[in-house]
Amino acid sequence: MTMLLAAILVLGLASCSAKEGAPAAAAGAMPDAGTSLDAPVPASVLTAPLTDSRGRPTTLDAFRGKVLVLTDVMTLCQESCPIVTASMVTAARRLEASLRGDRVQFLSLTVDPGRDDVRHLRAYERQFGALPNWTLLTGSRRVVDGLWDTLGVWRHRTPIERPFPRDWVTGVPLTTDIAHTDELIFIDGDQRFRYEMDGYGNVPASAIPGRIYRFMDRLGHRNVSATDPGAWTPDQVTEVVDWLLGGAS
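Residues -18 to -1, 1 to 231, numbered by mature numbering (1 follows the signal peptide of the UniProt record, and there is no 0), are exactly what the sequence shown covers, in order.
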């Protein structure tokens, strides 16, 4: 059972279903890259006040009518977030090029609101390349922690051993990290949870901006170079988006 599915069951939301190990997707069929869901997104999640990389206030509800691909991120993550972001941005860029980009919005919401301010989000966005269908989000610690608690994304602050890495934006030594699960949550245009993938994706090192790659630690570099047959790919992300745009049932 995935963390999100467990959270949905705890919330008592009806009509959720996990469909794992399904056969390969045919045209209009449900993809088999993760877990299928069908439950309404709570109003508290949709209306939670957030801030984008331009400093503008927004909410998930502001994207009503679009397919949303929501992931947790941390601009100071050295292990998995750069891989997740590169994989997601690759999918977003492909959809934008195919003229489907205006029907889907990719959302990267921090798990580290104390350090991921607008300056950090903007710098991260510049490294990967801004796209109209990709939005980075932060908010108050209370709001962001509440969102991820509701969505079942695990986080835990841990100390970093010396020598301390330095914040690639400010140069300040980093003494703590936030361990977290990596989730990719798909919400349809009717604001229902429809699909989830977990793990950190699968892209070559060349897809990660040089400055971000250099900031990654040894484990992060191993994660990039390791071939994980279970890791999701940008192709699978676009497959799920197309399934939802086609009126998934």
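We treat Cβ as the ideally placed atom computed from N, Cα and C, and that holds for glycine.
Just so it is clear, the structure is predicted and the values come from calculations on it, not from any experiment.
- Ranking Leu58, Gly111, Val151, Ala25 by CA distance to the CA of Arg46 puts Ala25 first.
- In its chain, beyond the 5 residues on either side, Gly183, Val185, Pro216 have a beta carbon closer than 6 Å to the beta carbon of Ser69.
- The Cβ neighbour count for Asp210, taken over all protein chains shown within 10 Å, is under 16; the residue is labelled exposed.
- The beta carbons of Thr72 and Ala189 sit closer together than 8 Å.
- The way I'd put it, the stretch 17 to 31 does touch the stretch 156 to 176; three or more beta-carbon pairs between them come closer than 8 Å.
- A straight-line Cα-Cα distance of about 12 Å links Val66 and Ala187.
- Taking each of Gly134, Arg200, Leu113 in turn and checking the Cα distance to Asp84, the smallest one comes out for Leu113.
- When C-alpha distances from Leu91 are compared across Gly111, Asp164, Val49, the shortest belongs to Asp164.
- For Met179, no alpha helix (DSSP H) segment is defined; the enclosing uninterrupted segment is the beta strand (DSSP E) at 174 to 180.
- Taking C-alpha positions only, Val151 is separated from Arg200 by approximately 20 Å.
- Between the alpha carbons of Asp98 and Tyr106 lies a distance of about 10 Å.
- With a minimum length of 4 residues, the unbroken runs of alpha helix (DSSP H) contained wholly in the stretch 82 to 155 fall at 100 to 110, 123 to 133.
- Judged by their CB atoms, Leu58 and Leu156 are nearer to each other than the 8 Å cut-off.
- When DSSP states are grouped into helix, strand and coil, Pro216 belongs to the helix group.
- For Ser26, there is no enclosing beta strand (DSSP E); the residue is found in the alpha helix (DSSP H) stretching over 25 to 28.
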